Amino acid sequence: MYRNGEVSEDEAAGALEGLRIEVLDGMARIDAGRSVRCGMPEVVLAEGKEPEAFAGIMLAQVKAAGRCIATRVSPEHLDALRARLPPDVRMEHREAARGVILSTGDEPAPRRGTVAILTAGTSDVPVAEEARLIAEEMGCEVRTAYDVGVAGIHRLFSALKDLIPADVFVVIAGREGTLPAIVAGLVDRPVIGVPVSTGYGYMGGGEAALASMLQACSVLAVVNIDAGFTAGAFAAQVAHGGSRK
1 MYRNGEVSED EAAGALEGLR IEVLDGMARI DAGRSVRCGM PEVVLAEGKE
51 PEAFAGIMLA QVKAAGRCIA TRVSPEHLDA LRARLPPDVR MEHREAARGV
101 ILSTGDEPAP RRGTVAILTA GTSDVPVAEE ARLIAEEMGC EVRTAYDVGV
151 AGIHRLFSAL KDLIPADVFV VIAGREGTLP AIVAGLVDRP VIGVPVSTGY
201 GYMGGGEAAL ASMLQACSVL AVVNIDAGFT AGAFAAQVAH GGSRK
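Residue numbers (the UniProt record's numbering): 1 to 245.
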């Protein structure tokens with residue numbers, strides 16, 4: 001297509017960059033072109049990885065792409081990363097989100113779009129902060145209102161006043177998972193429901209919240225249990241309006 005003049009040189013270079021893969025120790029395949037191809041940075045799930053292997057993957061990714069994010073990071077993962085961190089790599093630990101950002105260059109370029117994130121309770125905040133981290137890394141302004149669940153529904157209405165200008169709402173709740181359906185019935189923007197594993201007993205661990213959100217009569221999309229990353233990334237894509245500029 002480039003040879004025939006159907007795409008420009010920059011477009012052809014971008015397409016090749018988006019497919020770039022680097023193999024680390026015959027185990028991990030570093031997706032160096034994700035930000036070009038998908039419009040979002042590479043994100044490494046620390047959970048389930050040995051600390052030393054995790055540190056190696058993160059450092060290879062930041063070297064290849066200039067920026068890398070990790071979620072579900074434990075103290076052991078942090079220790080391994082700090083021990084191997086080169087002087088030219090900056091590290092930001094987002095404790096509330098259980099996340100880490102490594103970078104060698106500038107901050108991500110801001111893009112248009114505002115994401116509002118609400119939680120039913122304070123136990124839901126770690127998932128909310130994970131969503132916030134990803135949405136901010138994708139260039140969105142993020143506004144939050146935490147602990148506004150249905151046990152004291154009057155808290156929600158005053159909180160919504162500051163969030164109404166948002167382009168998309170991420171609403172996080174455990175137990176019976178009612179809050180997303182209520183918010184979806186009050187705002188004229190897309191709502192993404194996130195069930196979290198804060199409930200216990202019968203259908204605990206987020207199962208009741210997930211079932212409730214899937215059965216909501218309000219119009220909303222629902223992600224998996226505790227899927228803060230997925231909700232934040234999808235919300236950012238919605239807030240961008242599908243534009244890559």
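Virtual Cβ for every residue (Gly too), placed ideally from N, Cα, C.
Computed from a predicted structure; not experimentally measured.
So, with DSSP's three-state summary, where would you put residue i?
i, result
"H240", "coil"
"L163", "helix"
"G177", "coil"
"S103", "strand"
"E92", "strand"
"T122", "helix"
"I153", "coil"
"G228", "helix"
"residue 247", "With the chain represented from 1 up to 245, any question about residue 247 goes unanswered, as that position is not in the structure."
"S158", "helix"
Between the Cα of residue i and the Cα atoms of the options, which residue gives the shortest distance?
i, options, result
"V187", "V170, V194, T104 and T71", "V170"
"R175", "A120, D147, V191 and N224", "A120"
"P110", "I134, V44 and E129", "I134"
"D88", "L45, K63, V183 and D167", "K63"
"M91", "L179, R67 and V125", "R67"
"R84", "A65, E141, P108 and F54", "F54"
"P108", "A128, L118, G139 and P86", "G139"
"A46", "A128, A80 and A65", "A80"
"P86", "L59, E129 and Q237", "L59"
By DSSP's criteria, residue i is part of a beta bridge. Which residues make up the other side?
i, result
"G193", "V171 and V222"
"E141", "T114"
"M40", "Answer is none; M40 lacks a bridge partner."
"I69", "V43 and I101"
Between the beta-carbon of residue i and the beta-carbon of residue j, is there less than 8 Å?
i, j, result
"A209", "A131", "no"
"residue 246", "I57", "What is shown of the chain runs 1 to 245, which leaves residue 246 out entirely."
"T122", "R98", "no"
"P51", "H93", "no"
"G113", "A239", "yes"
"S218", "G177", "no"
"I182", "V150", "yes"
"V125", "A96", "yes"
"L156", "A116", "no"
"A159", "V142", "no"
"A145", "L179", "no"
Answer yes if the stretch 195 to 208 comes into contact with the stretch 95 to 107, meaning at least three C-beta pairs across the two stretches below 8 Å, and no otherwise. no
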